[in-house]
Amino acid sequence: MRFRFRLQRILDLKDMEEELKRKEFSSLKRLLDEEGKRLALIKGIYAEGVLEYGKGVHIDPYHLETLRLYLARIREELERAERRWESLDESARAKLEELKEAMKEVKVLEYLKEKGMRRHRKLEIVKEQAMIDEYNTRRGKNGFPGEDEG
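Structure below.
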């Protein structure tokens, strides 16, 4: 008799759910990494602009004002990028927790399946042994010819 895990459909659904959450987390992680690179680039541009502005002693007032406005715009972009990165980081952490929870659920179901399979195997061994014992008992009672000849 073949083992049939009664919760197999649920296990299959939980496996699919785990895979979906893994893909969602991976996607968010990729976006987070890209946003981190973008943030680093903007910080570098801003730092260069601040250095240039600091050397502004030899720049005419028109260019100095243009540089100041440019730095203000870059600073706003930097703040937006930081907020976006923080939001993505928070989302990625939440998805990671969801993924961990889904993985736990799958592990529990897989453990239950394995436990059921072990129990089924033990039961099959007991049944098989009972059949062998019954066969040997009947064989002994009926006394097959040529058994004791030697």
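The sequence shown: position 34 = 72 (my numbering), numbered continuously.
C-beta: ideal position from N, C-alpha, C; glycine also.
Here the structure is a predicted model, which means the values were calculated and not measured.
* **Minimum length 3: unbroken beta strand (DSSP E) runs contained in the region 58–85** => none
* **Three-state class that DSSP yields for R25 in the structure shown** => Beyond the ends of the chain as shown, which are 39 and 188, falls residue 25; an answer cannot be given.
* **Chain-order list of residues whose beta-carbon lies under 8 Å from that of G74 (same chain, five-residue window excluded)** => W123
* Asked: Which of helix, strand or coil does DSSP assign to K52?
  -> helix
* **Three-state secondary structure (DSSP) of I112** => helix
* If K59 sits next to L150, beta carbons under 8 Å apart, how far is it from one beta carbon to the other, in whole angstroms? -> Incorrect: roughly 21 Å between the Cβ atoms, too far for contact.
* When A132, G87, L79, L126 are compared against A110, the one with the closest alpha-carbon -> G87
* Between E56 and A140, is the Cβ-Cβ spacing less than 7 Å? -> yes
* DSSP three-state assignment for D98, whether helix, strand or coil -> coil
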